[in-house]
Each structure stands twice: as C-alpha cells, then as structure tokens.
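Counting in my numbering, the sequence shown runs without a single skipped number right up to 637 at its last residue.
Report on one structure; see the data block that follows.
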Amino acid sequence: MKKILLISGLIPLALSAQVGINNTAPTSTLDITAKNPSGPATTTDGIVIPRIDRGRAQLMTGITTSNLVYINDISTGDQTGTTQDVSSVGFYFFDGTKWVAIISTPTNNDWHLLGNTGTNQSINFIGTIDNQNVVFRRNNVASGFLGTLNTSFGVGSLPQTSPAFFATAFGGGALSVSTGLGGSAFGYQALTSNTTGAQNTAVGYQALRANTTGLQNTALGYGALTALTGGGGNVAVGFNSMSNSSLASGGFNVAIGNSTLIGFTGGNANIAIGDGAGNTAAGDGGSAFTSGNRNIIIGHNRVLPNPTGDNQMNIGNAIFANNLSTNISTLTANVGIGISTPLTRLHVSATTAESNRYNIFDAPAETNQYGIIALRNTSALATGNYSLLGFTNSGPTSGGANWGVGSIRTGATATNGSEEDFYIGNSTGSTLNERLRIKPNTGYVGIGTSNPTARVEISSGTANTSGLKFTNINSTTPPTANTSPLGIDASGNVVVQSSLSTSFKSFNVDANSATNSLLTLGGIQLRYNSTTCTSTNTFVQVRSTTGTNNIGIMHSTSTSSQTAASNALIPTTPLTITTTFTDIANIPVNCVQDGHAQFNYFSYTDKTFYRINFHVADGDSLPGAAAQGYIFAELQR
C-alpha cells in the first residue's frame, strides 16, 4: 500500500519537473526550504551530501560530471587516478576526470587570495611537489617561471621554452629571446635582444639592450652599454655609461661613472673612470673621445689629447702618458706631470711657483745620507756608463740636456762606489764634453783632466797656458806679518810661501856692523860685514837659514858713487847660497860707493822660490852724515 502511495505521489512531480521540499512553489528543479528558516528552533535543517572515504571515491566508476561528495577520511586510497588532488577532508566535485575540492576547511593546506593564517615557514610553501616549473602569468601572458636551470620574472621576460641555460631574467622583456649561456638581466628590456650572446650581465633599464652575440659584457646602470651589439669583455658602470648609439662593437673597455665614455664609438682595452670621463669639459654628453685602443682616462670630464688615438693616459688632467704598450720588454711609454704631451720617460712641467720654487719631491730625510732623489743606470756594469741628471734652457732641439751632472763608471766590477767618478759635462753639440771630475777614493778634483793627482788639478789643455786666472784681486789692505803668498813648485804643486817682507835696517859702521846690520827675510839673511868705510873690499853678505841645497842667480847688480863715471853694471853671475855667509862679490861697499842688486834663487829645503831686491848704502854718502849705513831689502816669493 505504501509503494502505491509513493508512486502516485511522484507522478505529479515528474509532470511539473520542479520539486519543492517544505515549499509549495518551487522555483528550480529542486527547491528546498528550511523547515525553520529563523527563530529559536533547535532542529537541524540542511542537506547532507553523501559521505565517503577517499578509497571509495577512487574506486567509483561511471561517475557523472558534477557529482558531489564529501570525503570524510583520507586514510584510505592514495593521490593517484581520480583522487590525485584529494589531499584533505572536504567537499569534492567530479570534473569529468578527477575529484576537485570546492570548499576549504580549517584542516586543508590551500593558499588563499586574501591571505593565510597559521602558516609554518618550514612546511608551507607556494610551488610544486613534482618536477615541474612554477609558472607565472599576467593577463594570461607568460610573466616568468622558476625552473631547474633558468629563472625569469616579468612580462615578456625569458620564456620557459628557451633553450638557454643558467640564465636569470628579472624585468619586462629581460632576455626575452636569449638562447645563450649564463646571461643575467635585471631591469626593463635588459639584454632584451640577446640571442647567442653568453655570460653577459646587465643591471638597469635597457642595459645591454641591443646586444645579440656579445660575450662576457657587464653593464650596471640606466642605459649602460645600451647600443653594443657584438663586443666582448666590456664593463660599463653608471648612468648611460658607454651608451653611444653608434657603439656596435669593441672589446675589453672599462667605463665607470655617470655618462662615462658616452661618445665612444669603438675600440679596445680603454679605461675611463670618473663622471663624464672621456667627454668634453662642457659636461655630460660630450664626445671628445670617440675611438681608440688601450687608453686610460680617470677623472671628472677628463679627455685625451688625441680623441681617436691609441695608448694614451690622462689621470685628473695632472698625469698624462703616451706610447703605452702591452709588451713590457718593449716599453716606450712617456709619462707627463702637468703636461699632456710628455717627450721623455718622465716629463714634469709647472707653470706656477710655490714660494718661489717648483718642488719635485719633499721628504723628511732627517740624517739619512741617501738622496731623496736617486738615479740609477740599470745597464750591465761597464766602463764608461753614465748616470746623469740633465739641465737645459729651451733646448737643444734634440731634446737632450746642455749640462749633465752625475756619475761615470771607471770599471766594471766594483759595486761599492769605488769605480764611480762624479762627473759634470756640457754639450755644445751632439755629445757631452767633460768639465769636471771628482775621484771617489781620494776626493781629488780634476778640471780639464779625468785623472787628478792632487786635491785640485787644473789642465788647460793649451800649451803655455796655465788655465788658472785671477781677476780683480787687488786689495787696499796692507799685508800683515802673517800674509803668505802662493807659489808653484817644480812639479806644478801650488804651495803657501813664507810671509812677504819688506825691511829697512840702519846700522853703525863700527866693529859690530856684522851684527847690528843683520837682516832676516824668510829663509834668507843679509848683512854688511865691515867695521869702517874705507875698505874697498868689504861686501854685503848673504846666506840661507834653511839648508845648503839651493840654487841662485844674481843679475842687474850695480855700484854707484857721487860721480857718474864710477857707476858700473855687473852682468848676471851664479850665486851660491849656503848656511855660511857668502859675499856678494860684485858689490864692494866703501864710504863713497853704494850697492844695488837683485837675485833669484830656489830653496830646495823649504820648496820656496825667492826673489831679493836690496840696496845697501853708506851714510857718508849723505851730506853731513856720520859713519852710518843702512840696508833696504824686499823679499818676493
């Protein structure tokens, strides 16, 4: 009877195609209204979906798409087949292939768009648990992925289908078409044109944007190396560094600084460091240096003397160089300080003096005997090697020095300085002429000779010319008792002679005349040896007080009287001067005769040349005078 009633009750439902439960006017295929939609009732309302465990859901076959179940137990079955996504208790619907969770419960691990709570950083993550890339999209456009070998992030950046490996791209369009090895791009369109180029690094907006095949370039900064297409080994750091639109190739260049080498269009192995280095002094964007190889520029807006030259250097407009070389065995570089075109290995130029001098080196040497500046000839030891410091005034045209001061080798063995003469030379043409030399072991100074044998030795180089001259040496100061002249001995040595003397002595003509007339001049003694004025055989006598090995010549002697007829000139005769008094025989002195004489002699004992001028007179020759005479003598050496 109950079966009949159930069938009869379902017939009208089938006819209307809409069923209402607790609802007489259903609005859908099945319209269920809660028995107690509000109020304090405690009775249960709702729909209980069929409850099954994961194993049961996994075994079900012929499942209709949209079938809904509640998985209440995941201890059975596994995550394969239709239950591959069933990892937690909850509601699942069948999508035609597998069961898909539709409602999160407090016990599942799904990540939510509005955030998550209760996470554990050691176990919770976003990603895959199989060997698949994590892929990102924006507006359904590929925008990055996390892969095994490559990583990208940004709209249009390196696609996961790229054959490149060890590549990293961050930024829109970064490495978008790259197939090369190990590229790293960070920034919008960084390395965006790169194809087979490898091992490049670009950081910044459009850094290395045009590069296609270039290798091992590094660009750091907005627009750095943006136009380079195929160069290798370049480094650009700074805003628009090496960013000239005509720079297509070039290798191993380094540019560090804002807009550094912005005008550079091609070349190799150049170095520029500093804001605007390699540009005109007018500021960033200049293009003074355009091409060249192996140049170095350091400093704000510094340029090179030749904008298209090779092997140049400019450091802060203070230190310059040219002829730089990569081969140390053939170095020909010139370095200039204060001059942009150095002509020698080290060329220093100054235009303004500091405290009336141009300093090259200052150093706290204190008692250190070693020179503050040291020059060394590093050639193999050889006689005749020079180590000189040169001086010149605007010449000569060959670039050499007019004066050279330094040392010259006299041997090829000793290294202690004993074979190193001090040397001064002068050039009036192509070579230096020696002007002075000092020997190291003796301190002997040679002028006109390279081998002096005395403290100072002068060789004029011209016969009958001494090479020594004194000018304007006359003095109004009278000589004193200690005044000493210079002389030259037979060997050419200059000696100091005894004091010059000019003496006058008067004496009585008596028994003591030989004593009271004695006159001493250096190593010479003169006397009048007579007791009366009547003898015609009494002579002036002379002797040496310094030895017997002396040579003398008397000349220009004469006697005189009050009558002209008695005057007589005596010719030159030898004079023997010993320690014993010798008569000057040609001049007898009596009451009516006076004597005059000049004689020269060389004293071997004291190495002195003497010239004696003397006059002897008898006082009786003077009117009204008594028997008294005098001797006047002048000594020259």
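Just so you know, even glycine gets a beta-carbon here, dropped at the ideal spot from N, CA and C.
Since we're looking at a predicted model, the values are computed, not measured.
- Between the segment 183-194 and the segment 163-172, the count of Cβ pairs shorter than 8 Å is three or higher; the stretches touch.
- Distance from the CA of Leu343 to the CA of Gln216, rounded to the nearest whole angstrom, comes to 38 Å.
- If the five residues before and after Ser178 are omitted, its C-beta is found closer than 7 Å to the C-beta atoms of Leu158, Ser162, Ala164, Ala167, Leu191, Asn194 and Thr195, all from its own chain and listed in chain order.
- DSSP, reduced to helix, strand and coil, places Ala101 within a strand of the structure shown.
- Taking a C-beta distance under 8 Å as the contact criterion, Ile49 and Leu68 qualify as a contact pair.
- As a beta-bridge residue in DSSP terms, His347 pairs with Gly336.
- Shown here for Leu30: same chain residues with a beta carbon closer than 6 Å to its own, the five before and five after excluded, namely Val19 in chain order.
- Here Gly55 carries a helix assignment [DSSP, helix/strand/coil].
- The segment 241-251 and the segment 221-228 touch, with three or more beta-carbon pairs separated by less than 8 Å.
- Under the 10 Å beta carbon count, Thr151 is surrounded by 16 or more other beta carbons and is classified as buried.
- In the three-state reduction of the DSSP assignment, Thr192 falls in the coil class, being assigned neither a helical nor a strand state.
- Distance from the CA atom of Asn451 to the CA atom of Arg376, rounded to whole angstroms, is 24 Å.
- Across the set Arg357, Gly299 and Phe289, the C-alpha of Phe289 shows the shortest separation from the C-alpha of Asp310.
- Three or more beta-carbon pairs drawn from the segment 92-101 and the segment 59-76 are found closer than 8 Å, and the two stretches are therefore classed as touching.
- Annotation for Val540: the continuous beta strand (DSSP E) segment containing it runs Phe539 to Ser544.
- If you look at Glu366, you'll find it isn't in any beta strand (DSSP E); DSSP assigns it neither H nor E.
- Between Gln206 and Gln189, the alpha-carbon positions lie close to 5 Å from each other.
- Judged by their CB atoms, Ala412 and Ala365 are not nearer to each other than the 8 Å cut-off.
- The continuous beta strand (DSSP E) containing Ala321 extends over residues Ile319 to Asn322.
- DSSP places Glu457 in the uninterrupted beta strand (DSSP E) bounded by Val456 to Ile458.
- Counting the other CB atoms within 10 Å of its CB gives Glu420 a total of 16 or more, which places it among the buried residues.
- For Asp130, no beta strand (DSSP E) encloses it, and the DSSP letter there is neither H nor E.
- Here DSSP, grouped into helix, strand and coil, assigns Gly154 to coil.
- CA-to-CA, the gap between Asn258 and Val335 works out to about 27 Å.
- In this model, Ile524 and Val542 are separated by some 7 Å (Cα to Cα).
- Leu389 has its alpha-carbon roughly 12 Å from the corresponding atom of Ile408.
- By the 16-neighbour rule on beta-carbons within 10 angstroms, Val456 is exposed.
- Unbroken beta strand (DSSP E) runs of no fewer than 3 residues, entirely contained in the segment 212-257, are found at 218-220, 235-237 and 254-256, following chain order.
- Take Arg54, set aside five residues on each side of it, and the residues of its chain with a beta-carbon closer than 6 Å to its own are Ile71, Ile74, Thr76, Gly77, Thr83 and Val86, in chain order.
- With a 10 Å radius around the Cβ and a threshold of 16 neighbouring Cβ atoms, Gln369 comes out exposed.
- Of the candidates Thr128, Thr579 and Asn293, the residue whose Cα lies closest to the Cα of Thr265 is Asn293.
- The beta carbon of Leu331 sits closer than 6 Å to the beta carbons of Ser325 from its chain, once the five residues preceding and following it are set aside; these are given in chain order.
- In this structure Ala272 is in contact with Ile297, their Cβ atoms being roughly 4 Å apart against a cut-off of 8 Å.
- Annotated as distal: Asn120 and Gln160, with beta-carbon spacing of 8 Å or more.
- Residue pairing by DSSP places Asn433 opposite Asn426 in a beta bridge.
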